[in-house]
Every structure is written in C-alpha cells, then in structure tokens.
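If you're matching them up, the sequences are chains A and B in order.
Heads up, the first sequence is in the working numbering, so the first residue is -10 and it goes up one at a time.
Heads up, the second sequence is in the working numbering, so the first residue is 1132 and it goes up one at a time.
Inspection log for the structure reproduced underneath, given as structure tokens.
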Amino acid sequence: SSLFVYPTKIIIKTCGTTQLLKSIRPLINHARHLGLTLCSCRYTRGNFIFPKSQPFPHTSFKDEVIYLEDCLPSNLCYRKASVMPSKSGSHSWHVFTAADNGLMMIHHHLPPPHQELFTFEICMTELDRVSAAKFYRRAGDGKSGDLAGKEMTELTGIGNINPSALICDFGFDPCGYSMNGIDGDRYSTIHVTPEDGYSYASFECVGSVYDDHEDVVQVLKKVVQVFRPATMSISTTCSSHEVWTCVAGAVESLGLKCRSCTVDEFPAAGNVVFQTFTARRK
Amino acid sequence: MAVSGFEGFEKRLELHFFGDDPEEVMGLRLLNFDSLQQVLHAVQCTVVSAVGNHYFDSYVLSE
C-alpha cells in the first residue's frame, strides 16, 4: 500500500481488507487545521477477488458510494459514480468522483497545462509463476524488509522501468512487495501479491500528454515483461484522448489481446478509459 | 466457497485541496507524522518506509 502527500493533493492506495474510505473524515479535519479546503475527490478500484472478506464500507460499491456521499462536504456538488464494465463479467472498474464548483470552472475554462496530466492504473492477475516466485523471501533469511525489497527490485527488473526514479521498496515476509518511485513531481507505485491462485500485481504512474508517446509505450512494455500476466486491465484518466490510444498497441505487441474498451466522463477528472487484455495463450 | 487469500486489488483515493494562503507552499506536507499515523490507524495500516523530495512525500504502507 502507498501514500503520497503533495502540498494540495493526497493519494492513498491500500489493498487487503483495509478500510480506506475511513481516512476521508480525518484527512479533511487535519487539512482544515492547515487552512486547506477539499475541492475534489476521486475513488477507484477494480473487482475484489474476495469481495465477501471486505469490511464495511467496502462491502459493495453501493455501500462505498453511500459512505462517500455522507463524508464529503456539500461544496463538492458535482458527483458521479459509475461501474465501467468489460466483456468479462469478473472485471469492471468502479469510479466515484466529486468536485466543487470552482474546480469545475477551472477544468472547463483554463487551457493546458491544467489538463495535461494523465494517470495509468494497471491491475494484473494470473502472473507468470517464475516471475511471481521472485517476490518470495527465503524462510529465515534474516533480512530487513528494506533489504529484501531492494533485492526484489533488482532481481525482477523493476528498477529499470524508470531508471531516473528514486525507489523506496519493501519486501514483506514471507512474500509480497511494495515500491514507490519518485521522479521530480511524479510518482509511480507497484504492489505485488504473488501467491498462486490469487496472484496480483499493480502498477500506477502519472505522466503528461506532452511526454513522448514512445516513452509511455516503453514503460508499459517493461511492466508487462516484469509480471507476464494472463489478465490485465488498464485504466487511463485524462482529459486528452491521445494517451490511451497507444496503450493497446504496446500491450498487444507482448502477446496480450485487447478484449474490451469502455470510456466514461467524470466531473473535473476528465475521461476514464478502461481497457482489458488477456493473454493470447488463454 | 473458495478459501479467502490476501486481497491484492487496491482501493485508491485521491483528494485535492485549495488553501486560503497563497504564500504557504508546503500545505499538506506540514501534517505531522502523528496526524498521518492517526489517519492510517483508521484505515488499518502503518508506515513501513518513507522517502521524499522537493515536491512531495512518499510512504510505503503495511498491507
């Protein structure tokens, strides 16, 4: 799991049975003491593998939306919740956004660079077993989580995804891995659950629509090569339509086939494009 | 019913704020570690590693 704190933005991403939405009220309160007011909120997730294990308010998307609606101040009046489907019923993308009037004005009336950023949220399942095995620690290795993480970063090639990034990594005992990459004002993050039967890895990064698209393609390719998943979804949040168009080409060149593509528009967040892929071998 | 394993799929939350004081450039980065821990306690995780730069702070969390 990861937390990123910018001067006016917080991103928190947690897995397992964590109760992420319970962070909203304390964060709003702490921010208020610093003279900061909430102006937008975006909550996203895929389909849980074990939905019945999730505690309230994560018991269903409906419960999550009710909880969000209740937590958020009334100035965030532009709200939308949507479940973006795929051809496979087991993969869908859950999105809730809320924004205040001021942010909506900015989003609609100001030119770039205010609308230049995009976010990739990538979820991968059925990881290649050889690749997944690299995220296990040897029993009683006596290493710290920091050292184990560093070794996993090197062994798997994760360190080469963005060689300019400063990496903060952690290897869990007996298995599992988390990494945050920081490169100037941009973050990236990877989380891995390697256990056979419910193996999972995620990759998330931000970029600019003005970045060289070939660099974006190379990053996507490196991520796929690290995990070699049988199933993958990529959610791209961006105001521009250009970025996501290079995604399918990059991923398909590595043996995955695009099975579905869904687009929806959200207040102040822009377009969310949800693409799913499965390995051709399936 | 299948026995539950560790849930890999994450929940992700992004919050944006605006400030009254345009001179204040650190904003949320002024939140002290105890305040962050209090927030993370509500979520049920803790900080296991941290790093920051000129632009932002990054924390790897348990779970």
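Note that beta-carbon positions come from the ideal geometry of N, C-alpha and C, so glycine has one too.
Reference residue i, options the options, closest by Cα
i, options, result
"A/F216", "A/A88, A/M141, A/V54", "A/M141"
"A/G170", "A/G186, A/T182, A/N151, A/G160", "A/N151"
"A/V119", "A/M221, A/L144, A/E241, A/H22", "A/L144"
"B/A1144", "A/E53, A/D158, A/S49, A/F45", "The residue asked about is misnamed: residue 1144 of chain B is Leu in this sequence, not Ala. With distances taken between Cα atoms, B/L1144 lies closest to A/E53."
"A/S79", "A/N90, A/H19, A/C112", "A/C112"
"A/D89", "A/S229, A/L61, A/L155, A/I1", "A/L61"
"A/V252", "A/L155, A/Y125, A/S81, A/H19", "A/S81"
"A/H202", "A/S177, A/E231, A/R175, A/D174", "A/E231"
"A/G129", "A/C157, A/Q8, A/F161", "A/F161"
"B/T1177", "A/L25, A/T33, A/T3", "A/T3"
"A/F109", "A/I156, A/I179, A/I13", "A/I179"
"A/V72", "A/V181, A/T114, A/T26, A/K51", "A/K51"
"A/A20", "A/S42, A/K41, A/I38, A/P(-4)", "A/P(-4)"
"A/E193", "A/S177, A/E184, A/D185, A/G186", "A/S177"
"B/V1170", "A/T33, A/V(-6), A/F159, A/N36", "A/V(-6)"
"A/L16", "B/P1153, B/E1154, B/F1164", "B/F1164"
"A/L23", "B/Q1175, B/E1154, B/S1189", "B/E1154"
"A/L243", "A/S49, A/Y67, A/P218", "A/P218"
"A/E184", "A/V206, A/E115, A/C66", "A/E115"
"A/V205", "A/S29, A/N36, A/T225, A/Y187", "A/T225"
"A/A257", "A/I13, A/Y67, A/K(-2), A/T48", "A/Y67"
"A/K211", "A/I147, A/G165, A/R248", "A/I147"
"B/A1173", "A/S49, A/R34, A/I38, A/S12", "A/S12"
"B/G1183", "A/G165, A/T267, A/L155", "A/L155"
"B/E1138", "A/P40, A/F107, A/Y32, A/L25", "A/P40"
"A/D174", "A/V195, A/G165, A/G186", "A/V195"
"B/K1142", "A/G131, A/R34, A/K(-2)", "A/R34"
"A/Y32", "B/Q1168, B/D1151, B/S1135, B/H1147", "B/H1147"
Residues that residue i contacts on chain A, provided the C-beta gap is smaller than 9 angstroms
i, result
"B/Q1169", "P15, H19"
"B/E1154", "None at all; the shortest Cβ gap to chain A is about 11 angstroms."
Own chain residues within Cβ distance below 6 angstroms of residue i, not counting five before or after
i, result
"A/P102", "Since pLDDT at A/P102 reaches only 49, below the 50 mark, its modelled position is unreliable, and the value read off the structure follows with that caveat. Same-chain partners within the cutoff: there are none."
"A/Y56", "L10, P46"
"B/V1179", "V1191, S1193"
"A/L272", "Summary: the structure shown does not reach residue 272 of chain A, with chain A confined to residues -10 through 271, and so no result is reported for it."
Counted within 10 angstroms of its Cβ, other Cβ atoms place residue i as buried (16 or more) or exposed
i, result
"A/P100", "At A/P100 the pLDDT is 48, less than 50, meaning the model places this residue with poor confidence; the figure from the coordinates comes in the next sentence. A/P100 is exposed by the Cβ-count criterion."
"B/M1132", "Its pLDDT being 43, under 50, B/M1132 is placed unreliably in this model, and the coordinates cannot settle the point."
"A/M221", "buried"
"A/E58", "exposed"
"A/I1", "buried"
"A/K76", "exposed"
"A/T265", "buried"
"A/P163", "exposed"
"A/T234", "exposed"
"A/K246", "exposed"
"A/E133", "The question names Glu, yet the displayed sequence has Ser at residue 133 of chain A. With fewer than 16 other Cβ atoms within 10 Å, it is exposed."
"A/N18", "exposed"
"A/S188", "buried"
"A/N36", "buried"
"B/V1134", "exposed"
Proximal residues of chain A, C-beta to C-beta of residue i below 8 angstroms
i, result
"B/D1165", "Within chain A, no residue comes near B/D1165; the closest Cβ sits about 10 angstroms away, beyond 8 angstroms."
Partners in chain B for residue i, counting only beta-carbon separations shorter than 8 angstroms
i, result
"A/E241", "Chain B residues near A/E241: none, gap ~24 angstroms exceeds 8 angstroms."
"A/E110", "R1143"
"A/E184", "G1136, F1137"
"A/G24", "G1150, D1151, D1152, E1155"
"A/I179", "None at all; the shortest Cβ gap to chain B is about 10 angstroms."
"A/C66", "The contacting residues do not exist; A/C66 stays about 15 angstroms from chain B at best."
"A/N90", "Ordered by position in chain B, no residue passes the 8 angstroms Cβ test against A/N90, which lies about 12 angstroms from the chain."
Residues near residue i in its chain [Cβ-Cβ closer than 7 angstroms; skip 5 each side]
i, result
"A/F255", "K69, V84, T86, V261"
"A/L209", "V236, A239, V240"
"A/S42", "T6"
"A/A268", "A219, G244, L245"
Closer than 7 angstroms at the beta carbon, the chain B residues around residue i
i, result
"A/P(-4)", "V1156, M1157, G1158, L1159, R1160"
"A/A189", "Correcting the residue type first, residue 189 of chain A is Tyr in the shown sequence and not Ala. Ordered by position in chain B, the residues that pass the 7 angstroms Cβ test against A/Y189 are G1139, F1140."
"A/K11", "A1173, V1174"
"A/G5", "F1137, E1138, E1194"
"A/F50", "Here the premise fails: no neighbours, minimum Cβ distance about 11 angstroms."
Cutoff 8 angstroms; reference residue i; Cβ partners in own chain excluding five residues on either side
i, result
"A/S309", "This structure does not reach residue 309 of chain A, given that chain A is present from -10 up to 271, and the question cannot be answered."
"B/F1149", "none"
"A/S167", "S(-10), S(-9), G138, D158, F159, F161, T178, I179, H180, V181"
"B/A1181", "D1188, S1189, Y1190, V1191"
"A/R14", "C60"
"B/G1158", "F1148, G1150"
Where residue i meets chain B, residues with beta-carbon distance less than 9 angstroms
i, result
"A/Y32", "K1142, R1143, L1144, E1145"
"A/D174", "N1184, H1185, Y1186, F1187"
"A/H47", "K1142"
Three or more C-beta pairs closer than 8 angstroms, one from the segment 117 to 137 of chain A and one from the segment 193 to 209 of chain A: is that the case here? no
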